[in-house]
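Data first, discussion second: the structure below is written as structure tokens.
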Amino acid sequence: MLAQVADDFLPEPMSHGPEPGHIVMDINLLSVLVAAVVAFIASAGWYAALGDAMVRHQRAWRGAEPAEAPRASQMLVFLGVAVAVSLAVAVVLDLAGVDEWLAGAGWGLLLWAGFVLTQWVSATAGEDVPVPLAAIHAGDWLVRLVAAGAIIGAWP
Numbered sequence: 010m011l012a013q014v015a016d017d018f019l020p021e022p023m024s025h026g027p028e029p030g031h032i033v034m035d036i037n038l039l040s041v042l043v044a045a046v047v048a049f050i051a052s053a054g055w056y057a058a059l060g061d062a063m064v065r066h067q068r069a070w071r072g073a074e075p076a077e078a079p080r081a082s083q084m085l086v087f088l089g090v091a092v093a094v095s096l097a098v099a100v101v102l103d104l105a106g107v108d109e110w111l112a113g114a115g116w117g118l119l120l121w122a123g124f125v126l127t128q129w130v131s132a133t134a135g136e137d138v139p140v141p142l143a144a145i146h147a148g149d150w151l152v153r154l155v156a157a158g159a160i161i162g163a164w165p
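The opening residue of the sequence shown carries number 10 in my numbering; numbering runs sequentially from there.
So this is what it looks like as structure tokens:
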């Protein structure tokens, strides 16, 4: 029954494997890796530019002291997250049949609005996260998702 619901929900054009209900993904892994590296670099630049403001808002909110510069192990985790997010964007774009950069960027914006923006709005309302701090983090994810969508969409 779940397979029938999935078949009814998923849009065309989709490639089905030799057996009904099996989906064949057409994802360019090089585009995923490039999008991940671009997102990683863009995020590093974002926080380099806004890091002082972020620290100021964290101190005012919860008295947090600034973290030391990220260690190599943390940077590998951040890069892994960028790869995972880029792969998820690629799956969504493939399922939607996106094959050009502007549509990919639009899907990135939609994913950001549906998941990231709503998370930070909830955090400001429910956990008293300062709006400027939430905006810094949400802006980082906006750049990441729109860039990943544009790169992957342009490079199917």
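By construction, the Cβ of each residue, glycine as well, lies at the ideal position given by its N, Cα and C atoms.
In this model, Q67 and A97 are separated by some 30 Å (Cα to Cα). Secondary structure at M84: helix, using DSSP grouped into helix, strand and coil.
Beyond the five residues adjoining it in sequence on each side, A91 comes within less than 6 Å, by CB distance, of A45, A48, F49 in the same chain, given in chain order. The beta carbon of N37 lies closer than 8 Å to those of A99, I161, W164, P165 in the same chain, with the five residues before and after it left out. Bounds of any alpha helix (DSSP H) do not take in G123, whose DSSP letter is neither H nor E.
Look at V107 here: in three-state DSSP terms it is coil, with no helix or strand label. Secondary structure at V152: helix, using DSSP grouped into helix, strand and coil. Under the DSSP assignment, V64 falls in the alpha helix (DSSP H) whose first and last residues are 38-71.
Secondary structure of V33 (DSSP, three-state): coil. Taking C-beta atoms as the reference points, I145 and L59 count as a pair closer than 7 Å. One alpha carbon belongs to W150, the other to A73, and they sit about 22 Å apart.
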